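Numbering (our numbering), first residue to last: 17 to 144.
Quick reminder that beta carbons are idealized off the backbone N, C-alpha and C, glycines included.
The structure presented is a predicted model; accordingly, all values stated were derived computationally and were not measured.
Accompanying notes for the structure given below.
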């Protein structure tokens, strides 16, 4: 007799093979970013920040990748918001200053951008 038990039911209970762990979502977000699927990566990273679970990596990494994904998908207001939040937690993060400065520049707020671009250069050697 043929067993028609769904595959998912057969796997259920085997070392969490079907569970979507926080680490799995982090890795998937990184892959999406590398594949230039910036909007999809941003959605997944936002979900990670909303529910970090048992995060084995620092939230600074999640925020930084989210800011990068938002910037690359031209979501400038989101970039500014996330980069600002990141800098509240880690004021010496040079790439966050660079993203914030560039996003402000693209929105025509050049005077606000200059201090961040200067800090990005001083802290991390990033030239704009």
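Could you give the distance in angstroms between the alpha-carbon of residue 126 and the alpha-carbon of residue 59? Walking along the chain shown from the start, residue 126 turns up at place 110. Walking along the chain shown from the start, residue 59 turns up at place 43. Using only the alpha carbons, I get a separation of about 28 Å.
Return the first residue and the last residue of the alpha helix (DSSP H) that residue 93 is part of. Counting from 1 along the chain shown, the entry for residue 93 is found at position 77. Segment 92-105, the alpha helix (DSSP H) holding residue 93.
Nearest neighbour of residue 80, chosen from 51, 61, 92 [CA to CA]: Reading the chain shown from its first residue, position 64 is the one you call residue 80. For residue 80, the nearest C-alpha among the options comes from 61.
Can you look up residue 140 in the DSSP assignment and give me helix, strand or coil? Your numbering for residue 140 matches position 124 in the chain shown. Looking at residue 140 - three-state DSSP - the assignment turns out to be helix.
Just to confirm my understanding: we take residue 44, look at its own chain, exclude 5 residues before and 5 after, and list those with CB closer than 8 Å. What are they? Position 28 of the chain shown, counting from 1, holds the residue named residue 44. In chain order, 60 place their CB closer than 8 Å to the CB of residue 44, counting only its own chain and leaving out the 5 sequence neighbours on each side.
Rounded distance between the beta-carbons of residue 116 and residue 90, thought under 8 Å: Locating residue 90 in the chain shown gives position 74, counting from the first residue. Locating residue 116 in the chain shown gives position 100, counting from the first residue. Not confirmed; about 15 Å, so no contact.
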